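Trainee:
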Amino acid sequence: MHLAPGRYLGAATMLSQRLRERMGLLIAAISAVMIVAAGAGKWPLLTIGLAVSVVLVAALAPSPPAGEAIASPGAASELPGPDHLSAAAFAAELDDPIIFFDRSGFVLHANRAAVDAFGAMRPGLSLLLRFRAPDMRAFIEQLIAGESPAPIDFHERLPVERLFRLSAAAIGQGKDLLVLVFRDNSEARRIDRMRADFIANASHELRTPLASVAGFIDTLRGAAKDDPKARDQFLEIMQSQTGRMARLIDDLLSLSRLEMKPRVDASSSVDVADIVQNVVDTLTPLAKENGVSIEIQSDEVQAVIAGDKDELFQVFENLVENACKYGRTGERVVIQIVEGKSGPQPEVDVTVTDFGPGIPAEHIPRITERFYRVDPGSSRAQKGTGLGLAIVKHILTRHGGRLTVKSEPGQGSSFTASLPRSNASPTAG
Amino acid sequence: MNSVHIVSAFDGDLKSIADQLGAMGGHAERMVEQAVAALVNSDAALARKVVEDDAFLDIAEREIGDKAILLIAKRQPLAADLREVIGAIRISADLERVGDLGKNVAKRTVAISGTSQPLSLFRGIEALAELALTQLKDVLDVYASRAVERLGYMRNRDDQIDAMYTSLFRQLLTYMMEDQRNIAPCTHLLFCAKNIERIGDHATNIAETIYYVLTGLQMPSERPKDDKTHAVMVGTARKD
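Residue numbers (my numbering), protein chains in the order written: chain A, 23 to 451; chain B, 90 to 329.
The structure is reproduced here in structure tokens:
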């Protein structure tokens with residue numbers, strides 16, 4: 023087959039027609055794959071899929087020959103006959119990515135879950151070019167060659183880490199169609215990682231304040247035992263250190279929780295402008311304390327996006343809080359909500375600008391790294407944990423968005439969150 | 090119906106070149122990924138494995154070159170077909186270089202495996218590698234999907250990679266000035282960072298080649314820099 027997409031399409035359409043014609047067989051075959059997969063591990067969803075497919079197969083089995091169906095049109099229209107069921111419709115209802123392909127390695131159909139997980143999969147896409155990892159290729163090549171390889175783990179690291187258990191089978195008459203079923207194991211993997219990461223980060227970052235508290239306790243029990251002035255001073259420092267440890271643990275937990283769920287529920291939509299207004303209301307006391315005034319400039323942009331309200335709240339809370347704290351000398355913070363034009367799809371850009379000292383150029387690329395601090399002294403004084411922007415970056419990545427940071431020393435900094443826009447209206451609540 | 094046979098053999102030749110290019114891409118991606126993982130976790134065994142893996146890419150590049158020359162000689166392709174073949178030669182050369190750079194990172198990992206360096210340096214190198222690998226993955230995904238409209242966005246990310254490299258460069262320099270015992274390991278890390286930055290450049294080269302293969306045009310030249318302020322972006326555009 024030639025590599026021009028137009029030429030694939032013809033062949034793919036033809037094959038997908040064949041796919042539809044053989045839908046009965048396909049459903050039976052999918053249920054067979056499911057049974058194998060469900061047997062291989064605990065897969066509650068598949069058990070449901072299995073039940074559904076068994077019902078479908080049962081419904082298909084006594085289907086009358088075409089002639090009879092014409093003879094009694096009334097009966098045929100009441101029942102959802104085999105002609106109205108397709109493997110594609112069936113696969114669309116499953117939450118696990120499923121890809122159908124032919125013996126040349128070209129995709130015939132990918133279900134919604136597969137598109138969510140791996141991006142667009144037009145018919146005619148070469149599977150071996152899309153899934154290039156060496157063990158993945160070996161798996162697909164064995165399938166194409168007619169062997170039945172044992173299930174493997176498929177690990178996709180970017181843009182968000184995901185781990186799948188992959189099983190496959192040849193289906194259809196003459197077994198010339200192949201199906202790949204991905205079972206998402208990311209969560210189990212992430213829990214493991216989270217534990218390791220949490221321990222590494224927490225032990226590293228908690229050691230300093232803990233050592234200082236321990237030191238003061240020693241002094242209070244020894245030399246400073248009967249010195250009320252020093253005692254007060256030491257207790258104050260100890261309180262601020264324990265406060266810092268508490269904040270650190272909160273932030274680490276929140277980051278770890280975020281990392282556990284790789285993607286947000288795309289079905290809930292929220293209005294970014296409302297969230298920004300809420301954030302400003304919440305942070306007004308802090309702004310007053312820092313002598314900063316917050317302005318919102320919005321040019322009536324349609325700002326509804328698919329996303330999680332609480333997470334997005336955290337994004338703007340962190341950005342505005344940073345602007346109030348680190349841009350204090352500028353005395354004002356401006357939030358602009360405009361239509362984004364820099365990305366490949368319609369977006370909403372929310373820019374938080376402060377007029378403070380700005381960030382030196384060499385630090386900008388790295389400020390979203392965990393515990394990276396431009397100026398450790400000032401960050402500690404502002405009760406920063408070094409995790410705020412890491413959380414922002416993580417939430418934006420999960421929403422398919424980006425963070426753009428611009429700054430000129432002496433002029434101030436601006437942080438722009440670009441989020442892909444949805445066409446839906448916000449869901450209540 | 091002779092012509093059908095001839096065309097399908099031709100298509101088979103082209104497909105076999107594209108397939109092998111896909112294999113090279115997957116191999117190069119894994120090498121870089123593992124080299125960086127070996128560096129960050131100071132895993133000398135994994136690093137040695139990466140060094141051995143490089144042979145595959147060298148062989149594959151030569152084979153793609155041979156197949157391409159044979160195909161040009163036998164079939165005398167024109168227009169899109171010719172671009173496809175020439176593109177494959179260029180992309181395979183870039184991927185082979187990516188493999189070399191990954192191998193070099195792995196070699197340096199073995200060299201510094203006895204020393205310990207600040208965690209923040211490794212975080213920086215990890216973040217740089219994430220950007221470069223995302224770039225490489227997106228480019229190779231476009232080679233598979235042929236979605237040429239996704240290529241324009243990549244230049245931005247190349248700028249981010251450069252900015253990140255510059256920042257790491259300064260940090261490493263600071264460490265070396267602080268204590269001269271740091272000079273040897275930090276020099277290795279500096280070259281590792283440079284290698285990863287170069288991987289991003291090769292990804293951009295591949296993007297330009299793919300653009301040319303798909304459209305017959307050169308990729309529009311550098312977009313104007315927006316202003317003098319320093320900017321950086323993180324995160325990825327949603328795939329759709």
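No residue lacks a Cβ here, since even glycine has one placed at the ideal position from N, Cα and C. Note that the structure is a prediction, hence the values are computed from the model and not measured.
1) Identify the continuous alpha helix (DSSP H) that holds Gln224 (chain B) and give its terminal residues.
2) Does any residue of chain B have a CB that is nearer than 9 Å to the CB of Ile357 (chain A)?
3) Whose CA, out of A:Ser262, A:Asp330, A:Val301, A:Leu334, lies closest to the CA of Leu425 (chain A)?
4) Excluding the five sequence neighbours on either side, which residues of its own chain have a C-beta within less than 7 Å of the C-beta of Lys331 (chain A), listed in chain order?
5) Under 8 Å Cβ to Cβ from Asn223 (chain A), same chain only, skipping five residues before and after it: list those, please.
6) Thinking C-alpha only, which one of A:Ala252, A:Ile120, A:Asp138, A:Ala155 is nearest His116 (chain B)?
7) Compare the C-beta of Gly115 (chain B) with all C-beta atoms of chain A and state if any pair is closer than 9 Å.
8) Per DSSP, what kind of secondary structure is His291 (chain B) in: helix, strand or coil?
9) Can you give me the C-alpha to C-alpha distance between Leu171 (chain B) and Gln165 (chain B), rounded to a whole angstrom?
10) Could you name the residues of the same chain whose beta carbon sits closer than 8 Å to that of Val396 (chain A), not counting the 5 residues immediately before and after it, in chain order?
11) Does the CB of Ser290 (chain A) have a neighbour CB from chain B at under 9 Å?
12) Could you check how far apart the C-beta atoms of Asp147 (chain B) and Glu185 (chain B) are, in whole angstroms? I think they sit under 8 Å.
13) On the CB-based measure, 16 or more other CB atoms within 10 Å of its CB, does Asp376 (chain A) come out buried or exposed?
14) For the structure I just gave you, are there three or more beta carbon pairs, one from the segment 206-217 of chain A and one from the segment 179-191 of chain A, closer than 8 Å?
15) Answer with buried or exposed for Leu341 (chain A), where buried requires no fewer than 16 other C-beta atoms within 10 angstroms of its C-beta.
16) Please report the straight-line C-alpha distance between Leu160 (chain B) and Asp102 (chain B), rounded to a whole angstrom.
17) In the DSSP assignment, what residue or residues form a beta bridge with Ala328 (chain A)?
18) Which chain B residues sit within Cβ distance under 8 Å of Arg212 (chain A)?
19) Among the candidates A:Glu369, A:Phe238, A:Lys251, A:Arg269, whose CA atom is the shortest distance from the CA of Met259 (chain A)?
20) Buried or exposed: where does Gln260 (chain B) fall if 16 or more other Cβ atoms within 10 Å of its Cβ makes it buried?
21) Pull the bridge partners of Arg424 (chain A) from the DSSP assignment, please.
22) Quick one: Cα of Val203 (chain A) to Cα of Phe176 (chain A), how far?
23) Could you please give me the residues that DSSP links to Ile357 (chain A) through a beta bridge?
24) Roughly how many angstroms separate the alpha carbons of Tyr348 (chain A) and Lys428 (chain A), rounded to a whole number?
25) So, does the CB of Tyr348 (chain A) fall closer than 9 Å to a CB anywhere in chain B?
26) Under 6 Å Cβ to Cβ from Ala162 (chain B), same chain only, skipping five residues before and after it: list those, please.
27) Rounded to whole angstroms, what is the Cα-Cα separation between Gln319 (chain A) and Val294 (chain A)?
28) For Tyr300 (chain B), go through chain A and note every residue whose CB falls closer than 7 Å to its CB, in chain order.
29) Count the other CB atoms within 10 Å of the CB of Lys192 (chain B); is the residue buried (16 or more) or exposed (fewer)?
30) At the level of alpha carbons, what is the spacing between Leu199 (chain A) and Asp214 (chain A)?
Mentor: Inspection of the coordinates gives the following:
1) By 1-based counting over the second sequence, the position of residue 224 (chain B) is 135. It spans 208-234 - the alpha helix (DSSP H) in which Gln224 (chain B) sits, taken as one unbroken run.
2) Start at 1 with the first residue of the first sequence, and residue 357 (chain A) comes out as number 335. Closer than 9 Å: no.
3) Residue mapping note: residue 425 (chain A) aligns to position 403 of the first sequence, counting from 1. Answer by Cα proximity: A:Leu334.
4) The residue given as residue 331 (chain A) occupies position 309 in the first sequence. The residues are Val292, Ile297.
5) The count along the first sequence starts at 1 and reaches residue 223 (chain A) at position 201. Leu274, Arg392, Phe393.
6) Position 27 of the second sequence, counting from 1, holds the residue named residue 116 (chain B). When each option's Cα is compared against that of His116 (chain B), the closest is A:Ala155.
7) The residue you call residue 115 (chain B) lines up with position 26 of the second sequence. At least one chain A Cβ lies under 9 Å of Gly115 (chain B).
8) To locate residue 291 (chain B), count along the second sequence from 1; it is residue 202. Three-state DSSP puts His291 (chain B) in a helix.
9) In the second sequence, the residue the question calls residue 171 (chain B) occupies position 82. In the second sequence, the residue the question calls residue 165 (chain B) occupies position 76. Whole-angstrom Cα-Cα distance: 8 Å.
10) Position 374 of the first sequence, counted from the first residue, corresponds to residue 396 (chain A). Hits under 8 Å: Ile381, Pro382, His385, Ile389.
11) As a working mapping, residue 290 (chain A) is identified with position 268 in the first sequence. So, not an interface residue.
12) In the second sequence, the residue the question calls residue 147 (chain B) occupies position 58. In the second sequence, the residue the question calls residue 185 (chain B) occupies position 96. Indeed they touch by this definition, with Cβ atoms about 6 Å apart.
13) As a position in the first sequence, residue 376 (chain A) is number 354, starting the count at 1. By the neighbour-count rule (16 or more Cβ atoms within 10 Å), Asp376 (chain A) is buried.
14) yes
15) Your numbering for residue 341 (chain A) matches position 319 in the first sequence. Buried is the call here.
16) Reading the second sequence from its first residue, position 71 is the one you call residue 160 (chain B). Reading the second sequence from its first residue, position 13 is the one you call residue 102 (chain B). So the two alpha carbons sit approximately 7 Å from each other.
17) Indexing the first sequence from 1 puts residue 328 (chain A) at position 306. Answer by DSSP bridge pairing, in chain order: A:Ser291.
18) The residue you call residue 212 (chain A) lines up with position 190 of the first sequence. Result: empty, since nearest Cβ-Cβ is about 17 Å, beyond 8 Å.
19) Position 237 of the first sequence, counted from the start, is the residue given in the question as residue 259 (chain A). First, the residue type needs correcting, since residue 259 (chain A) is Ile and not Met in the sequence shown. Of the candidates A:Glu369, A:Phe238, A:Lys251, A:Arg269, the one whose C-alpha sits nearest the C-alpha of Ile259 (chain A) is A:Phe238.
20) By one-based count along the second sequence, residue 260 (chain B) stands at place 171. Classification of Gln260 (chain B): buried, given that the 10 Å Cβ count is 16 or more.
21) In the first sequence, counting from the first residue as 1, residue 424 (chain A) sits at position 402. Paired residues: A:Ser440.
22) Start at 1 with the first residue of the first sequence, and residue 203 (chain A) comes out as number 181. Start at 1 with the first residue of the first sequence, and residue 176 (chain A) comes out as number 154. Their backbone Cα atoms lie some 11 Å apart in a straight line.
23) Counting from one through the first sequence, the residue named residue 357 (chain A) turns up at place 335. DSSP lists A:Ile318, A:Val374 as partners of Ile357 (chain A).
24) Within the first sequence, numbered from 1, the residue matching residue 348 (chain A) stands at position 326. Within the first sequence, numbered from 1, the residue matching residue 428 (chain A) stands at position 406. Spanning the two alpha carbons is a distance of roughly 15 Å.
25) As a first step, residue 348 (chain A) is located in the first sequence; it is residue number 326 there, counting from the start. With 9 Å as the cut-off, Tyr348 (chain A) does not count as an interface residue toward chain B.
26) Reading the second sequence from its first residue, position 73 is the one you call residue 162 (chain B). There are no such residues.
27) Position 297 of the first sequence, counted from the first residue, corresponds to residue 319 (chain A). Position 272 of the first sequence, counted from the first residue, corresponds to residue 294 (chain A). Rounded to whole angstroms, Gln319 (chain A) to Val294 (chain A) spans 13 Å at the Cα level.
28) Position 211 of the second sequence, counting from 1, holds the residue named residue 300 (chain B). What Tyr300 (chain B) touches in chain A: nothing, since even the nearest Cβ is about 15 Å away.
29) To locate residue 192 (chain B), count along the second sequence from 1; it is residue 103. Buried, because 16 or more other Cβ atoms sit within 10 Å of the Cβ of Lys192 (chain B).
30) Translated into positions along the first sequence, residue 199 (chain A) becomes position 177. Translated into positions along the first sequence, residue 214 (chain A) becomes position 192. If I take the Cα positions, the gap works out to 37 Å.
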